[in-house]
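Student: The structure is given below, and queries will be raised subsequently.
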Amino acid sequence: MPEIKLEHITKRWGKFYAVEDLNLVIADNAFVTLLGPSGCGKTTTLRMIAGLETPTSGRITIGDTVVFDSDLGINVPANKRKVGFLFQNYALWPNMTVYENISFGLSNIKEPMAKIDFEAKNAARLAEILKTPAEVASVLEECRDKDGKLEEKKAVLKLIDAFTLSQYTAKKLFDYHLESKQDCHAEIAALEAKAEAAHKTAQASGCTLDAEYRYCKDGKPVLQTRKLTKEEIDLTVRRVSRIVKIGMFMDRYPAELSGGQQQRVAIARTLAPEPTVLFMDEPLSNLDAKLRLEMRYELQRLHVETGSTFVYVTHDQMEAMTLATQICLINNGVLQQYEAPLDVYHHPANLFVADFVGNPSINFVEVKGRQAADGSVSMTMLGGVQAVFRPKKPVELAAWFEARDREEAEQAAALREKAKEKGYVEKGNKDEVFRYHIAKVDEEDDSLQDAPEITNEDLVLGIRPEFLDIADSSDLRGEIYGAMPTGMESTIKVRVGGFLLTGVIFGSSLFTIGTEVPLSVTGDQIMLFDRKSGRCITSGSLTF
2 MPEIKLEHIT
12 KRWGKFYAVE
22 DLNLVIADNA
32 FVTLLGPSGC
42 GKTTTLRMIA
52 GLETPTSGRI
62 TIGDTVVFDS
72 DLGINVPANK
82 RKVGFLFQNY
92 ALWPNMTVYE
102 NISFGLSNIK
112 EPMAKIDFEA
122 KNAARLAEIL
132 KTPAEVASVL
142 EECRDKDGKL
152 EEKKAVLKLI
162 DAFTLSQYTA
172 KKLFDYHLES
182 KQDCHAEIAA
192 LEAKAEAAHK
202 TAQASGCTLD
212 AEYRYCKDGK
222 PVLQTRKLTK
232 EEIDLTVRRV
242 SRIVKIGMFM
252 DRYPAELSGG
262 QQQRVAIART
272 LAPEPTVLFM
282 DEPLSNLDAK
292 LRLEMRYELQ
302 RLHVETGSTF
312 VYVTHDQMEA
322 MTLATQICLI
332 NNGVLQQYEA
342 PLDVYHHPAN
352 LFVADFVGNP
362 SINFVEVKGR
372 QAADGSVSMT
382 MLGGVQAVFR
392 PKKPVELAAW
402 FEARDREEAE
412 QAAALREKAK
422 EKGYVEKGNK
432 DEVFRYHIAK
442 VDEEDDSLQD
452 APEITNEDLV
462 LGIRPEFLDI
472 ADSSDLRGEI
482 YGAMPTGMES
492 TIKVRVGGFL
502 LTGVIFGSSL
512 FTIGTEVPLS
522 VTGDQIMLFD
532 RKSGRCITSG
542 SLTF
């Protein structure tokens with residue numbers, strides 16, 4: 002499977018930038034999820050890679066092929082990119098059986114393919130099977146009804162699975178009636194003679210036949226522009242149906258299937274043409290919660306078995322975390338972070354990433370902080386609570402702020418230069434620092450308040466709920482404001498002054514609302530963010 006490379010990809014409509022200057026490399030055999038809120042540009046990105054949407058500018062490469070380049074005027078159409086697309090809506094033909102739905106696209110393929118002598122190939126395969134008549138007879142014996150009569154349809158299906166045959170070759174094998182005879186020497190000789198004759202015919206035309214009965218010349222397969230044969234289509238349909246486990250539904254219509262079964266049919270139809278990349282646009286959103294979980298496992302297994310590159314669009318961060326090898330998190334058309342799921346969770350690049358990934362959501366706490374000589378940061382938070390933050394790795398805040406200001410100045414200068422270029426269009430949907438939510442007992446309408454003056458002492462702590470614990474004793478105390486036990490854990494809301502913090506307590510404890518409890522913040526993965534830029538500065542531990 003190929004690597005996918007996006008270089009400076011931009012898509013805009015007027016002044017609205019759906020995707021802005023996106024640079025992305027999707028590795029071979031990766032499972033990448035494009036994650037973000039509705040309208041962030043993830044589906045537009047997927048459609049541009051697939052060829053269903055034309056970028057405004059940039060370059061897209063799939064494997065060794067440039068499929069789009071705005072400067073060179075290259076734009077390979079979607080049907081030439083060898084990609085598969087799985088939509089949120091299954092889009093199955095209601096008047097076609099499962100078999101017909103999967104095979105429909107295959108019957109329309111016409112392109113240069115290897116020239117194959119299928120009659121000789123099938124003759125050789127049948128001769129090989131007939132040399133073990135007892136094995137065939139054993140399979141057929143399983144297909145007798147209660148009266149001892151052999152059921153042809155069941156027998157053909159059994160032969161298909163037992164010997165990996167098409168239904169047409171399986172029917173020929175059934176017609177030899179090996180359940181009633183064991184001597185097949187004459188049949189084998191006739192089939193081998195047919196295969197040998199094919200070799201002589203090929204040699205007469207200056208070619209040879211390889212083990213798969215493909216015509217070869219000078220050691221290379223001979224190509225001819227043709228459609229897939231009924232034999233090839235059937236073998237492909239049977240192969241993908243085994244992968245997604247729907248072989249028993251071939252004669253059913255979509256209306257006779259459950260939602261999960263219909264989704265499997267849609268997946269099989271997408272896999273049938275053997276696309277180099279498989280794109281999925283929220284394919285599980287129409288399923289109920291239990292079925293959605295089961296299908297996640299199926300997609301994981303499918304990714305491993307096919308060895309394909311998967312690119313998956315979702316707004317469900319739980320799907321992204323559980324399925325992906327890499328998460329590409331987008332907001333307002335701009336790439337926020339592109340890393341492995343646990344790296345995104347534990348080391349978010351900014352406030353938006355920290356807030357979007359994680360359920361229950363992260364606790365944000367505004368603090369006033371000043372760094373001491375030993376590298377720790379003395380803080381005031383939660384209406385007067387004193388605390389000390391100790392970075393996991395040494396960091397000099399003054400130097401960090403200086404680098405931030407320098408980088409912002411360079412970006413502003415680069416934008417001014419870009420604005421001078423011919424054809425430049427100013428972005429209408431401006432990028433802003435993420436407006437995080439501080440949970441309070443009495444919520445306030447932030448839009449009615451004047452924007453505060455922010456200094457380098459204004460910081461934000463990010464505390465994941467699993468790191469907020471009930472201690473044996475602590476200087477930080479809170480009141481149980483709400484509790485939701487689920488059996489193996491409980492999600493609690495704790496009131497500290499006028500603020501609310503969310504915690505996850507593992508175990509089957511019961512909590513009484515209004516009870517005062519001592520609180521602690523455990524571990525060294527508490528995040529420290531710059532309030533001005535929204536960027537993550539470092540991680541560390543917090544003591545009170």
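Quick note on numbering: the sequence shown equals residues 2 to 545 in the working numbering.
Glycine is no exception: its CB is placed at the ideal position from the N, C-alpha and C atoms.
Keep in mind that this is a model prediction, so the values were computed, not measured.
Taking all protein chains shown into account, do 16 or more other C-beta atoms lie within 10 angstroms of the C-beta of residue 75, making it buried, or fewer, making it exposed?
Tutor: Reading the sequence shown from its first residue, position 74 is the one you call residue 75. Residue 75 is exposed by the Cβ-count criterion.
Student: Going by the CB atoms, is the gap between residue 192 and residue 128 shorter than 8 Å?
Tutor: On the sequence shown, residue 128 is found 127 positions in, with the first residue counted as 1. On the sequence shown, residue 192 is found 191 positions in, with the first residue counted as 1. In this structure, residue 192 lies closer than 8 Å to residue 128 by Cβ.
Student: Measure the Cβ-Cβ separation of residue 288 and residue 324 and say whether it is below 8 Å.
Tutor: In the sequence shown, the residue the question calls residue 288 occupies position 287. In the sequence shown, the residue the question calls residue 324 occupies position 323. In this structure, residue 324 does not lie closer than 8 Å to residue 288 by Cβ.
Student: In whole angstroms, what is the alpha-carbon distance linking residue 213 and residue 317?
Tutor: In the sequence shown, counting from the first residue as 1, residue 213 sits at position 212. In the sequence shown, counting from the first residue as 1, residue 317 sits at position 316. If I take the Cα positions, the gap works out to 45 Å.
Student: Let me know if residue 197 comes out buried or exposed under the rule of 16 or more other beta-carbons within 10 Å of its beta-carbon.
Tutor: Counted from its first residue, the sequence shown places residue 197 at position 196. Counting other Cβ atoms within 10 Å of its Cβ, residue 197 stays below 16 and is therefore classed as exposed.
Student: In or out: residue 384 buried (at least 16 other Cβ within 10 Å) or exposed?
Tutor: The residue labelled residue 384 in the question sits at position 383 within the sequence shown. So residue 384 ends up on the exposed side.
Student: With distances taken from CA atoms, which of 539, 412, 190 and 89 is nearest residue 378?
Tutor: One-based indexing of the sequence shown puts residue 378 at position 377. Per the Cα distances, 539.
Student: Under three-state DSSP, which class holds residue 140?
Tutor: Here residue 140 refers to the residue found at position 139 when the sequence shown is read from its first residue. DSSP places residue 140 in helix when its eight states are reduced to three.
Student: Does residue 372 come out as helix, strand or coil in the three-state DSSP assignment?
Tutor: Indexing the sequence shown from 1 puts residue 372 at position 371. If DSSP states are grouped into helix, strand and coil, residue 372 belongs with the strands.
Student: The alpha helix (DSSP H) with residue 86 in it runs from where to where?
Tutor: Along the sequence shown, read from residue 1 onward, the residue named residue 86 stands at position 85. Element bounds for residue 86: not the alpha helix (DSSP H) but the beta strand (DSSP E), 84-87.
Student: State the DSSP-derived secondary structure class of residue 396, mapped to helix, strand or coil.
Tutor: Numbered from 1 along the sequence shown, position 395 holds the residue referred to as residue 396. Coil, per DSSP.
Student: Which residues share a DSSP beta bridge with residue 360?
Tutor: Here residue 360 is taken as the residue at index 359 of the sequence shown, counted from 1. BP columns for residue 360 are empty, so no partner.
Student: When you compare only the Cα positions, how much space is there between residue 350 and residue 429?
Tutor: Taking the first residue of the sequence shown as position 1, residue 350 is located at position 349. Taking the first residue of the sequence shown as position 1, residue 429 is located at position 428. Between residue 350 and residue 429, the C-alpha separation is close to 24 Å.
Student: Using only the alpha-carbon positions, how far apart do residue 523 and residue 529 sit?
Tutor: For the purposes of this step, residue 523 is taken as the residue at position 522 of the sequence shown. For the purposes of this step, residue 529 is taken as the residue at position 528 of the sequence shown. When only Cα atoms are considered, residue 523 and residue 529 end up about 15 Å apart.
Student: Count the other CB atoms, across all protein chains shown, that sit within 10 Å of the CB of residue 442; report buried if there are 16 or more and exposed otherwise.
Tutor: The residue labelled residue 442 in the question sits at position 441 within the sequence shown. Burial call: exposed.
Student: Please name the residue in 514, 373 and 146 whose C-alpha comes closest to that of residue 397.
Tutor: The count along the sequence shown starts at 1 and reaches residue 397 at position 396. Comparing Cα-Cα distances from residue 397 to each of 514, 373 and 146, the minimum goes to 373.
Student: Under 8 Å Cβ to Cβ from residue 387, same chain only, skipping five residues before and after it: list those, please.
Tutor: Residue mapping note: residue 387 aligns to position 386 of the sequence shown, counting from 1. Taken in chain order, the residues that qualify are 379, 380, 381 and 545.
Student: Give the range of the alpha helix (DSSP H) segment to which residue 242 is assigned.
Tutor: Within the sequence shown, the letter at position 241 stands for residue 242. Its alpha helix (DSSP H) spans residues 231-244.
Student: Using the three-state DSSP reduction, which class does residue 134 fall into: helix, strand or coil?
Tutor: Residue 134 sits at position 133 when you count from the first residue of the sequence shown. Three-state DSSP puts residue 134 in a helix.
Student: What residue range is occupied by the uninterrupted beta strand (DSSP E) comprising residue 509?
Tutor: Translated into the one-based positions of the sequence shown, residue 509 becomes position 508. Premise fails: residue 509 is in no beta strand (DSSP E) and is neither H nor E.
Student: In terms of residues, what are the limits of the beta strand (DSSP E) holding residue 59?
Tutor: Walking along the sequence shown from the start, residue 59 turns up at place 58. Run containing residue 59: 58-63, per the beta strand (DSSP E) assignment.
Student: What residue from 418, 190, 235 and 241 has the CA that sits closest to residue 170's CA?
Tutor: Position 169 of the sequence shown, counting from 1, holds the residue named residue 170. The option with the nearest alpha carbon to residue 170 is 235.
Student: Which residues in the same chain have their Cβ closer than 7 Å to the Cβ of residue 230, if we skip the five residues on either side of it in sequence?
Tutor: Indexing the sequence shown from 1 puts residue 230 at position 229. Closer than 7 Å at Cβ, skipping near neighbours: 119.
Student: Just to confirm before moving on: does the CB-CB distance between residue 462 and residue 366 stay below 8 Å?
Tutor: To locate residue 462, count along the sequence shown from 1; it is residue 461. To locate residue 366, count along the sequence shown from 1; it is residue 365. Yes, the pair counts as a contact, with Cβ atoms nearer than the cut-off.
Student: Considering only C-alpha positions, which residue in the set 339, 167, 141 and 426 is nearest to residue 126?
Tutor: Locating residue 126 in the sequence shown gives position 125, where the first residue counts as 1. Measuring from the Cα of residue 126, the nearest candidate turns out to be 167.
Student: How far does the alpha helix (DSSP H) with residue 116 in it reach, from first residue to last?
Tutor: In the sequence shown, the residue the question calls residue 116 occupies position 115. For residue 116, there is no enclosing alpha helix (DSSP H), as DSSP marks it with neither H nor E.
Student: Mind reading off the beta-carbon distance from residue 488 to residue 30? Whole number of angstroms is fine, and I expect it under 8 Å.
Tutor: In the sequence shown, residue 488 corresponds to position 487, counting from 1. In the sequence shown, residue 30 corresponds to position 29, counting from 1. Going by Cβ atoms, the distance from residue 488 to residue 30 rounds to 37 Å, so no, they are not a contact pair.
Student: For residue 520, which residues from the same chain have a beta carbon less than 6 Å from its beta carbon, with the 5 sequence-adjacent residues on both sides left out?
Tutor: The residue you call residue 520 lines up with position 519 of the sequence shown. Taken in chain order, the residues that qualify are 475, 477 and 479.
Student: Can you grab the Cα-Cα spacing for the pair residue 315 / residue 249, in whole Å?
Tutor: Against the sequence shown, residue 315 aligns to sequence position 314. Against the sequence shown, residue 249 aligns to sequence position 248. Their Cα atoms are separated by approximately 30 Å.
Student: At the level of alpha carbons, what is the spacing between residue 133 and residue 238?
Tutor: Looking up residue 133 in the sequence shown gives position 132. Looking up residue 238 in the sequence shown gives position 237. About 26 Å.
Student: Here's the rule: buried if 16 or more other CB atoms are within 10 angstroms of the residue's CB, otherwise exposed. What is residue 436?
Tutor: Position 435 of the sequence shown, counted from the first residue, corresponds to residue 436. Result: exposed.
Student: Pick from 375, 513 and 313: whose alpha carbon is nearest that of residue 48?
Tutor: Counting from one through the sequence shown, the residue named residue 48 turns up at place 47. If you compare the alpha carbons of 375, 513 and 313 with that of residue 48, the shortest gap goes to 313.
Student: Assess, as a yes-or-no matter, whether the stretch 57-72 is touched by the stretch 351-371 under the definition of 3 or more beta carbon pairs within less than 8 Å.
Tutor: no
Student: Buried or exposed: residue 455, going by 16 or more other Cβ atoms within 10 Å of its Cβ?
Tutor: Looking up residue 455 in the sequence shown gives position 454. Exposed.
Student: Taking 8 Å as the threshold, find out whether the stretch 100-115 comes into contact with the stretch 238-247 through three or more Cβ pairs.
Tutor: Segment contact: the stretch 100-115 against the stretch 238-247, three or more CB-CB distances shorter than 8 Å; contact assigned.
Student: In three-state DSSP terms, what is residue 77?
Tutor: Sequence index remark: in the sequence shown, residue 77 carries index 76 (1-based). Residue 77 falls in the coil class under three-state DSSP.
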